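Worksheet for the structure shown next.
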Amino acid sequence: MNNIDAAISQATAAAANIPQDNANQNGGAVATTSPNQGAVAAGRPMGLDDAMAGAIVVDEWLKVNEHGLQIGAKKPLLEEIKVRIDLSDVAYSESVKYGNPATYRKTYDRVMTTDGSTWPQALSEARAVDPKARPYKSADINLELVDDIKLKDETVSAGTVLGHSFSTTGFKSFAKLVKQMTKDGADPAGDTIEVTVGYIEQTSNGNTWGILDFRDYKVVG
1051 MNNIDAAISQ ATAAAANIPQ DNANQNGGAV ATTSPNQGAV AAGRPMGLDD
1101 AMAGAIVVDE WLKVNEHGLQ IGAKKPLLEE IKVRIDLSDV AYSESVKYGN
1151 PATYRKTYDR VMTTDGSTWP QALSEARAVD PKARPYKSAD INLELVDDIK
1201 LKDETVSAGT VLGHSFSTTG FKSFAKLVKQ MTKDGADPAG DTIEVTVGYI
1251 EQTSNGNTWG ILDFRDYKVV G
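Printed below as a string of structure tokens:
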């Protein structure tokens, strides 16, 4: 069984278990996904947790390529920025990429995708287009600027919140930060940190791109 077959099997099993789990938790009401991941049980109004599951509220998006960091469409590119990250606010996910131009499908619970399909269905559709397609770990993070950033024609103020979703290869740099924090006795699930974010150039099969690099963190909350 290859990676995507295993992922489909796991997702199908998870989807099959959800109705009974929710029936036990909600007095017989049946939901299609976990209540904590945005499910709406039959006969139950949507709550705040449902509405906010997977929601990303940011001022700008932080982009990265092999030449540096970019805040939205602003120029010039940056070598590094200092940011504050509330790690309790990180939204972990699993994604799959396939096709040309690329299509991305994402799930926060391995049951339903953000576009309303089931995760097993999304994985099957990905494999139908690209037999080599496989799910990868990702996360959505909010990065709050610690200092003002002076650009060519404007200044991006401290306190501006930048959003970033990790690419197929980008999550490994964040995982490295998490492992280092764990080794140091910090809490990567709940601490607030200040950290310098730069970039690392990546190359493979004649292609070049960039991923975020997290350096010199300190716990501030």
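For what it's worth, the working numbering labels the leading residue of the sequence shown as 1051, then goes sequentially. The beta-carbon is built from N, C-alpha and C at its ideal position, and this holds for glycine as well. Just so it is clear, the structure is predicted and the values come from calculations on it, not from any experiment.
Three-state secondary structure (DSSP) of residue i
| i | result |
| --- | --- |
| F1224 | helix |
| L1262 | strand |
| K1113 | strand |
| T1246 | strand |
| K1124 | coil |
| P1085 | The pLDDT assigned to P1085 is 38, lower than 50, so where the model puts this residue is not dependable; a value taken from the coordinates is nonetheless given after this. Note: P1085 maps to helix in three-state DSSP. |
| T1218 | coil |
Span separating the alpha-carbon of residue i from that of residue j
| i | j | result |
| --- | --- | --- |
| Y1267 | E1130 | 13 Å |
| A1208 | L1112 | 15 Å |
| D1198 | K1229 | 29 Å |
| R1134 | V1107 | 15 Å |
| S1188 | L1119 | 19 Å |
| D1165 | Q1252 | 30 Å |
| T1153 | L1195 | 30 Å |
| Q1177 | A1183 | In the sequence as presented, Gln is not what sits at residue 1177; that position holds Arg. Distance between the alpha carbons of R1177 and A1183 is about 6 Å. |
| N1255 | R1155 | 24 Å |
| E996 | D1139 | A query on residue 996 cannot be resolved here, the shown segment of the chain reaching from 1051 to 1271 and no further. |
| S1217 | T1246 | 19 Å |
| T1168 | T1205 | 43 Å |
| G1240 | D1234 | 14 Å |
| L1227 | P1181 | 32 Å |
CB contact flag (residue i, residue j, <7 Å)
| i | j | result |
| --- | --- | --- |
| S1223 | L1193 | no |
| V1179 | G1149 | yes |
| V1269 | A1225 | no |
| L1201 | K1124 | yes |
| D1203 | A1141 | no |
| T1157 | E1175 | no |
Own chain, CB closer than 7 Å to residue i, minus 5 neighbours either side, in chain order
| i | result |
| --- | --- |
| E1110 | I1121, G1122, T1210 and L1212 |
| G1248 | E1129, E1130, D1263 and R1265 |
| N1115 | W1259 and G1260 |
| T1232 | P1238 |
Same chain only: Cβ atoms within 6 Å of residue i, ignoring 5 sequence neighbours per side
| i | result |
| --- | --- |
| T1242 | D1136, V1270 and G1271 |
| I1250 | I1261 and D1263 |
Cβ shell of residue i (< 8 Å), same chain only, five flanking positions each side left out
| i | result |
| --- | --- |
| N1074 | Its pLDDT being 42, under 50, N1074 is placed unreliably in this model, and the value from its coordinates should be taken loosely. If we look at N1074 and ignore the five residues flanking it on each side, it has no Cβ neighbours. |
| H1117 | L1127 and G1260 |
*Which runs of the alpha helix (DSSP H) fall wholly inside the segment 1130 to 1213 and span at least 4 residues, in chain order?*
Correct list: 1169 to 1179.
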